[in-house]
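Number of protein chains: 2
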Amino acid sequence: MRDCDYLALTMTIETAFIDALRTFCDSDAARGLNDDVATLGDLVISHDMIVEGVHFLTDDPPEDVAWKLAAVNLSDLAAKGAVPVAAIMGAGLARDPGWNEGFAKGMGQACATFGLPLIGGDTVVMPAAAPITMGMTIMGRPQGRIPHRGGALAGDAVYVAGVIGDAGLGLALLKAGHRLGQNQDYDPLIAAYRRPVPMLETGRALAPIVNAMMDVSDGLLIDAKRMAEASGMGITLNLDAVPLSKSALSYWAGQGEGDQRSIRLNAATAGDDYALLFTATRPLPPAPGKITRIGTIQREPGLRITDSQGEVPLPDALGWLHR
Amino acid sequence: MRDCDYLALTMTIETAFIDALRTFCDSDAARGLNDDVATLGDLVISHDMIVEGVHFLTDDPPEDVAWKLAAVNLSDLAAKGAVPVAAIMGAGLARDPGWNEGFAKGMGQACATFGLPLIGGDTVVMPAAAPITMGMTIMGRPQGRIPHRGGALAGDAVYVAGVIGDAGLGLALLKAGHRLGQNQDYDPLIAAYRRPVPMLETGRALAPIVNAMMDVSDGLLIDAKRMAEASGMGITLNLDAVPLSKSALSYWAGQGEGDQRSIRLNAATAGDDYALLFTATRPLPPAPGKITRIGTIQREPGLRITDSQGEVPLPDALGWLHR
Numbered sequence: 205m206r207d208c209d210y211l212a213l214t215m216t217i218e219t220a221f222i223d224a225l226r227t228f229c230d231s232d233a234a235r236g237l238n239d240d241v242a243t244l245g246d247l248v249i250s251h252d253m254i255v256e257g258v259h260f261l262t263d264d265p266p267e268d269v270a271w272k273l274a275a276v277n278l279s280d281l282a283a284k285g286a287v288p289v290a291a292i293m294g295a296g297l298a299r300d301p302g303w304n305e306g307f308a309k310g311m312g313q314a315c316a317t318f319g320l321p322l323i324g325g326d327t328v329v330m331p332a333a334a335p336i337t338m339g340m341t342i343m344g345r346p347q348g349r350i351p352h353r354g355g356a357l358a359g360d361a362v363y364v365a366g367v368i369g370d371a372g373l374g375l376a377l378l379k380a381g382h383r384l385g386q387n388q389d390y391d392p393l394i395a396a397y398r399r400p401v402p403m404l405e406t407g408r409a410l411a412p413i414v415n416a417m418m419d420v421s422d423g424l425l426i427d428a429k430r431m432a433e434a435s436g437m438g439i440t441l442n443l444d445a446v447p448l449s450k451s452a453l454s455y456w457a458g459q460g461e462g463d464q465r466s467i468r469l470n471a472a473t474a475g476d477d478y479a480l481l482f483t484a485t486r487p488l489p490p491a492p493g494k495i496t497r498i499g500t501i502q503r504e505p506g507l508r509i510t511d512s513q514g515e516v517p518l519p520d521a522l523g524w525l526h527r
Numbered sequence: 205m206r207d208c209d210y211l212a213l214t215m216t217i218e219t220a221f222i223d224a225l226r227t228f229c230d231s232d233a234a235r236g237l238n239d240d241v242a243t244l245g246d247l248v249i250s251h252d253m254i255v256e257g258v259h260f261l262t263d264d265p266p267e268d269v270a271w272k273l274a275a276v277n278l279s280d281l282a283a284k285g286a287v288p289v290a291a292i293m294g295a296g297l298a299r300d301p302g303w304n305e306g307f308a309k310g311m312g313q314a315c316a317t318f319g320l321p322l323i324g325g326d327t328v329v330m331p332a333a334a335p336i337t338m339g340m341t342i343m344g345r346p347q348g349r350i351p352h353r354g355g356a357l358a359g360d361a362v363y364v365a366g367v368i369g370d371a372g373l374g375l376a377l378l379k380a381g382h383r384l385g386q387n388q389d390y391d392p393l394i395a396a397y398r399r400p401v402p403m404l405e406t407g408r409a410l411a412p413i414v415n416a417m418m419d420v421s422d423g424l425l426i427d428a429k430r431m432a433e434a435s436g437m438g439i440t441l442n443l444d445a446v447p448l449s450k451s452a453l454s455y456w457a458g459q460g461e462g463d464q465r466s467i468r469l470n471a472a473t474a475g476d477d478y479a480l481l482f483t484a485t486r487p488l489p490p491a492p493g494k495i496t497r498i499g500t501i502q503r504e505p506g507l508r509i510t511d512s513q514g515e516v517p518l519p520d521a522l523g524w525l526h527r
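Printed below as a string of structure tokens:
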């Protein structure tokens, strides 16, 4: 199966399933099952899974897998401007006790780093040859209003906080056999894939003034399209503005790749960024991290991309292939 | 690998992992990571996973798998006397859209039956040949005090609400090739395996007066031992008193099995009962469901079993083999 066929298959399956759930998940707390979080009293709550071979590589260090599980969940809180309150974990464990021990150690590091109390969960040893499968439910306390991904208004400026594409390059490097420490120019890219950093403070600073906010997990293009659709709007992105890191630019220079359109399309469809995507009508407050305007919301539905050469045809796959 | 070696392997792995988590999961909310729930503000919260080939069979109907996921989570609330508030699901889906559709339908039935709002979650299509893996985090509102599994006092009477062993017989029948509707005497046993009913009302009625309470998920003997250990106590069970259903008795009569010790040891190690195990000093209030006194808590640590023939040697495996 080609990668983009696989993407289409899984997206079709997941979308059909979520549509089936929507027939009975109709409480306000569910936020239409199209936001990053649900609400629970005065808290927000979210759940993200990571599966071996889908969201992480079999030879990723277990400490990093644990960090990633915490980080992808914390990123959902960041997108709602919420402070971490607690987490519960469902751990589908390895049969190798050493792997599990490393995972527990990495989870301890992540929880200490982000002030996240892990308060309970469930464990099961996965059957032989089955992928390690981890889930986490995270609760956070919003600091006032909770931005919805579907809140964008016509005329809003669209921004990204953070950089796009590093994790995708890190994944590509690992799949090509590169190892951490082998080339220090590449290490930040591998770290971006294995140890994403949730933008909690940035999200908290922005939440009071944004109209829509979400984290970029599956790829900038697909997530931008989802934001526009959830808002009943369309979105135009300026591909040239998509923020790349110095490490990414140095990687592409080293590859002899000079086609800016191709470089930025790669970044904008790579996924696993855990940057924040948001829209605002008003001027932005000071917020930590690199913030870049990348587009505009308009009434006409759809995703449009332009760059200095003109209109950019939409790529077949707008997001991460999870492969 | 023999079943009891497999049990020993998975229990060793899970225990080592939980011990590693305990080094940093030290908030009061975590309740020492040895209760069925954690606390979250004025709520209790729990997470249970079910994995294909471990907790359910590949040819169990997907509607029933969904019901079971909800029921095993609701059973944790029952053990704390809590009313369901909301659930979040992590769905590691099948590649067969029909299976997923059935699962969503069954989840809708369970949520409607038990008044459980499903408010969010995450979906991932599991890799080819990987087991379907589902997790649920459930939140409930306790009605006053929250019984801990570690609250048993010396001299307490030990009780079971519900019956023991039906689900284990249902699983054995299914593994032997029996099908629902093939022999109507067996249907309630198969239903007990596939569609356990959480004892929510019973748990709520009992919570104000019990000293310790937990649900029986892995097997009566192992769960009784865990309750005693968490309480710093020992426990003596009267095997003859272990409550069996009419269907179970009829099953054993049909098998020509008359050895009561063997029948009741089978039930008490089968697991998947989702009965309530509790201890009390005071007389019990009226509560729905069959309630049976099965033993006594004492100061000397350890699990002891007696029956009309005298002391019963502990079986090699005290609980469900998950196989």
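Going down the list, the sequences are from chains R and Y.
What the first sequence shows, in the working numbering, is residues 205 to 527, in sequence order.
What the second sequence shows, in the working numbering, is residues 205 to 527, in sequence order.
For each residue, glycine too, the CB sits at the ideal point set by N, CA and C.
Is it the case that the CB of Ile336 of chain R approaches a heavy atom of the ligand MG more closely than 7 Å? With respect to the ligand MG, the structure offers nothing, as it holds no ligand at all.
Any beta carbon from chain R within less than 8 Å of Glu217 of chain Y's own beta carbon? Per the sequence presented here, residue 217 of chain Y reads as Ile, with Glu not at that position. Yes, its Cβ sits closer than 8 Å to a Cβ of chain R.
4-residue-minimum alpha helix (DSSP H) runs that sit fully inside the stretch 442-500 of chain Y, ordered along the chain: 450-458 and 464-472
Whose C-alpha, out of Y:Leu481, Y:Ala358, Y:Thr219 and Y:Gly325, is nearest the C-alpha of Gly407 of chain Y? Nearest option by C-alpha distance: Y:Leu481.
Residues of the stretch 458-479 of chain Y with a CB closer than 7 Å to any CB of chain R: list them in chain order, please. none
Compute the distance between the beta-carbons of Cys229 of chain R and Ile323 of chain Y, then report whether it is under 8 Å. Ile323 of chain Y sits close to Cys229 of chain R, with the two beta carbons spaced by under 8 Å.
Can you name the residues of chain A whose CB is closer than 9 Å to the CB of Leu273 of chain R? No chain A is present in this structure, whose protein chains are R and Y.
Is Arg206 of chain Y helix, strand or coil when you go by DSSP? Confidence at Arg206 of chain Y is low in this model, with a pLDDT of 47, below 50, so the placement of that residue should be treated as unreliable; the coordinate-derived value is given next. Arg206 of chain Y falls in the coil class under three-state DSSP.
Helix or strand or just coil, what does DSSP make of Ala521 of chain Y? coil
Short of 6 Å in beta carbon distance, which residues of its chain neighbour Leu375 of chain R, apart from the five on each side in sequence? Order them along the chain. Tyr397
Taking 8 Å as the threshold (C-beta atoms), are Met343 of chain R and Thr252 of chain R in contact? For clarity, residue 252 of chain R is Asp in the given sequence; the question names Thr instead. The answer is no: Cβ separation not under 8 Å.
CB-CB under 7 Å to Gly319 of chain R, same chain, minus the five flanking residues each way: which ones, in chain order? These residues qualify, in order along the chain: Pro288.
Three-state class that DSSP yields for Tyr363 of chain R in the structure shown: strand
Just checking: is the beta-carbon of Arg503 of chain Y within a distance shorter than 8 Å of some beta-carbon in chain R? no
Let me see if you follow: with CB-CB separation under 8 Å, is Phe228 of chain Y close to chain R or not? Closer than 8 Å: yes.
Could you tell me whether the Cβ of Met417 of chain Y comes closer than 8 Å to any Cβ of chain R? no
I want to see whether chain R comes within less than 8 Å of Met330 of chain Y, judged by CB atoms only; does it? Flagged as an interface residue toward chain R: Met330 of chain Y, by a C-beta distance shorter than 8 Å.
Just the C-alpha distance for Gly354 of chain Y and Pro505 of chain Y, rounded to the nearest angstrom, thanks. 13 Å
Interface residues of chain Y facing Ser279 of chain R [CB-CB closer than 8 Å]: Think of a sphere of 8 Å around the beta carbon of Ser279 of chain R: no beta carbon from chain Y falls inside it, the nearest being about 13 Å out.
Minimum Cβ-Cβ distance from Val287 of chain R to chain Y less than 8 Å: no
Whole angstroms is fine: what's the gap from Asp520 of chain Y's alpha carbon to Gly475 of chain Y's? 15 Å
For Pro447 of chain Y, collect the residues of the same chain with a Cβ closer than 7 Å to its Cβ; drop the 5 residues on either side in sequence, then sort them by chain order. Val364, Val367, Ile368, Lys494 and Thr496
Tell me the DSSP secondary structure of Arg527 of chain Y in three-state form. The pLDDT assigned to Arg527 of chain Y is 37, lower than 50, so where the model puts this residue is not dependable; a value taken from the coordinates is nonetheless given after this. Coil, per DSSP.
Given a limit of 7 Å on CB to CB distance, which residues of the stretch 409-442 of chain Y reach chain R? none
Hey, does Leu375 of chain R have any beta-carbon neighbour from chain Y nearer than 8 Å? no
Please report the residue range of the alpha helix (DSSP H) in which Ala411 of chain Y lies. Neither: Ala411 of chain Y is in no alpha helix (DSSP H) and is coded neither H nor E.
Going along chain R, which residues have a C-beta under 8 Å from Glu515 of chain Y? Going along chain R, no residue has its Cβ under 8 Å from Glu515 of chain Y, so there is no contact; the nearest lies around 33 Å.
Is the beta carbon of Thr485 of chain Y sitting closer than 8 Å to the one on Thr440 of chain Y? no
The stretch 386-395 of chain R touching the stretch 269-289 of chain R, judged by at least three CB pairs closer than 8 Å: no
What residues in its chain sit with their C-beta under 6 Å from that of Tyr455 of chain R, if we drop five residues either side in the sequence? Leu373
Classify Asp263 of chain R as buried or exposed, calling it buried when 16 or more other Cβ atoms lie within 10 Å of its own Cβ. exposed
Taking C-beta pairs closer than 8 Å, name the residues in chain Y that Pro402 of chain R reaches, listed in chain order. Within 8 Å Cβ-Cβ: nothing; Pro402 of chain R doesn't reach chain Y, min ~16 Å.
For a contact meaning CB atoms closer than 9 Å, what does Pro490 of chain R contact in chain Y? Simply none; closest approach about 32 Å.
Near Thr483 of chain R, which residues of its chain fall below 6 Å by C-beta distance, leaving aside the five closest residues on each side in sequence? Ala356, Asp360, Val362, Asn415, Ala416 and Ile501.
Do you know whose CA, among R:Leu213, R:Asn470, R:Thr327 and R:Pro331, lies nearest Leu225 of chain Y's CA? R:Thr327
Write down the C-beta distance between Ala275 of chain R and Val401 of chain R rounded to the nearest angstrom, noting that I regard them as a contact closer than 8 Å. 7 Å
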